[in-house]
Amino acid sequence: MKSKVPTPEYLEKAKKLNNEEIERLLVRMRGRFARRLEDKRMSAIEAIALQLEYEDEELEEWRERLTEMRMNEETGKVSSSAASSNINLS
Numbered sequence: 013m014k015s016k017v018p019t020p021e022y023l024e025k026a027k028k029l030n031n032e033e034i035e036r037l038l039v040r041m042r043g044r045f046a047r048r049l050e051d052k053r054m055s056a057i058e059a060i061a062l063q064l065e066y067e068d069e070e071l072e073e074w075r076e077r078l079t080e081m082r083m084n085e086e087t088g089k090v091s092s093s094a095a096s097s098n099i100n101l102s
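Letter by letter, the sequence shown follows residues 13 to 102 in the working numbering.
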């Protein structure tokens, strides 16, 4: 299986982070990125860049789901996942 390589855009973003921001990203890092960093298969900057990219993708997916739930709420069709959770859509 081929390892994911960080894009130049996210490498640049990672290089611009201050120490506190880097520390926060490292704390949130889990799974494959953390193992690659521990195994020294990638540099800390590469792992941080991949974590940034992953979080941006997750945020975009969350925003899409939230928009869909709001549209469903407006049309009176609250999805079962939104109805079963206590998400405040306001």
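Beta carbons are placed, not taken as given, at the ideal position from N, Cα and C, and that holds for glycine.
Where residue i and residue j are concerned, what is the direct C-alpha to C-alpha distance, given to the nearest angstrom?
i	j	result
A56	K25	13 angstroms
T79	T87	12 angstroms
I60	K28	11 angstroms
K16	L71	19 angstroms
K52	N84	46 angstroms
R75	D68	11 angstroms
V39	E73	22 angstroms
How is residue i classed by DSSP in three states: helix, strand or coil?
i	result
P20	helix
N30	coil
D68	helix
R42	coil
Residue i CB to nearest chain C CB: under 7 angstroms?
i	result
M54	The chain labelled as chain C is not found in the depicted structure, where only one protein chain is given.
Tell me which same chain residues have a C-beta within less than 7 angstroms of the C-beta of residue i, skipping the five on either side of it?
i	result
E65	P18, T19, Y22
I34	I60
R47	none
Taking its Cβ as the centre, do 16 or more other Cβ atoms sit within 10 Å of residue i, making it buried, or is it exposed?
i	result
M54	buried
M41	buried
Among the options, which residue has its Cα nearest to the Cα of residue i?
i	options	result
L37	E58, E85, R82	E58
Ignore the nearest five residues each way along the sequence and tell me which others in residue i's own chain have a CB closer than 6 angstroms to its CB.
i	result
M13	Residue placement at M13 cannot be trusted, given a pLDDT of 41 that sits under 50; the coordinates are not used to answer.
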